[in-house]
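Undergrad: Please see the structure below; I have some questions.
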Amino acid sequence: MLPADTVEQIYAAASAQAPLSEPASVAAMYAGLYARARTEPGVTMAIAGDEDGPVGFAYGHDWHWSEATDPWSTQLRQRLGEDAAQQIAESFAVNLLAVLPAASGMGAGRRLLEALVDAATSDTAWLQTTDIDSPARQLYRRTGWRTLGRGPDAPNGKPGLVLIHVRKPRTGC
Ligand SMILES: CC(C)(COP(=O)(O)OP(=O)(O)OC[C@H]1O[C@@H](n2cnc3c(N)ncnc32)[C@H](O)[C@@H]1OP(=O)(O)O)[C@@H](O)C(=O)NCCC(=O)NCCS
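Taking this note's numbering, the leading residue of the sequence shown gets -14, the next gets one more, and so forth.
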């Protein structure tokens, strides 16, 4: 697991770029959430790096509605509606994905996301992303994610887009 300040630095650099253009306070907020999450059971992280150190990461955690009682999760369930909420009842939540601008466009983001989904104990994964035409949206489209519904507001103040991914059954022995 990466230290929280590294997560903050990578996400801040990645999200400052257009089209996200997020202020550094968003990266600080996500790093705070990560600092708490990284000590909890069921958390998984994938890291990409080069000789100079980490250049990207993705992390997420096992998701059970019975444990998701905070206000954000309650609003997520309300906005999704029960049918959609049941599709992610026992699943894996992808929390954050970022690659440094200097290392982007070379496949690291795709590898990180696929490694995280492959490592998950559940075949079903979900995430919330900002509903704009971003490189992340393009990545999700290309790797088999589909729209599940709307969630709590994203950093741009608009309802986030909730996507779901169902892993194909593994074959062979
Ligand atoms: C999304 C992100 C992780 C992609 O990382 P990356 O290493 O550049 O991605 P990859 O090189 O693996 O490219 C994966 C796909 O993303 C898309 N993509 C990457 N860069 C893109 C760009 N500049 N414009 C449009 N699409 C782009 C492409 O569709 C690509 O698929 P392809 O290889 O089949 O063409 C990176 O852009 C990032 O950190 N963005 C800011 C943070 C963010 O939005 N995180 C996700 C929400 S939490």
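We treat Cβ as the ideally placed atom computed from N, Cα and C, and that holds for glycine.
Whose CA, out of Ser89, Gln60, Phe42, lies closest to the CA of Trp50?
TA: Gln60
Undergrad: For a cutoff of 8 Å on Cβ pairs, would you count Glu75 as touching chain D?
TA: Any reference to chain D falls outside this structure, which holds one protein chain only.
Undergrad: When a residue counts only if its C-beta is closer than 6 Å to some heavy atom of ligand 1, which residues count, in chain order?
TA: Listed along the chain, these residues meet the criterion: Ala(-1), Ser0, Leu5, Leu81, Leu82, Ala83, Val84, Ser89, Gly90, Met91, Gly92, Ala93, Gly94, Arg95, Thr114, Ser119, Pro120, Ala121, Gln123, Leu124, Arg127.
Undergrad: Keeping to the same chain, check which residues put their C-beta closer than 8 Å to that of Ala16; ignore five residues upstream and five downstream.
TA: Only Ala(-11), Asp(-10), Val(-8), Glu(-7), Tyr(-4) meet the Cβ criterion.
Undergrad: Let me know the secondary structure DSSP gives Gly41 once reduced to three states.
TA: The three-state reading of DSSP puts Gly41 in strand, counting E and B together.
Undergrad: Just the Cα atoms here: how many angstroms apart are Trp57 and Arg122?
TA: 22 Å
Undergrad: State the Cα-Cα distance for the pair Val84 and Gly94, rounded to the nearest angstrom.
TA: The straight-line gap from Cα to Cα measures roughly 6 Å.
Undergrad: Residues in its own chain within less than 7 Å of Glu75 by CB, not counting five upstream and five downstream?
TA: His49, Ser107
Undergrad: Using 8 Å as the threshold, is the stretch 107 to 116 in touch with the stretch 137 to 145, meaning 3 or more CB pairs across them?
TA: yes
Undergrad: Are Ala20 and Ala31 close, meaning C-beta to C-beta below 8 Å?
TA: When the beta-carbon positions are compared, Ala20 and Ala31 stay at least 8 Å from each other.
Undergrad: Bridge partners for Leu148 per DSSP, in chain order?
TA: Leu112, Thr132
Undergrad: Below 8 Å on the Cβ atoms is my guess for Val147 versus Arg135; work out the distance and round it to an integer in Å.
TA: 7 Å
Undergrad: Could you check what DSSP says for Gly17 in three-state terms: helix, strand or coil?
TA: helix
Undergrad: Output the distance between the C-alpha atoms of Leu101 and Gly34, rounded to the nearest integer angstrom.
TA: 15 Å
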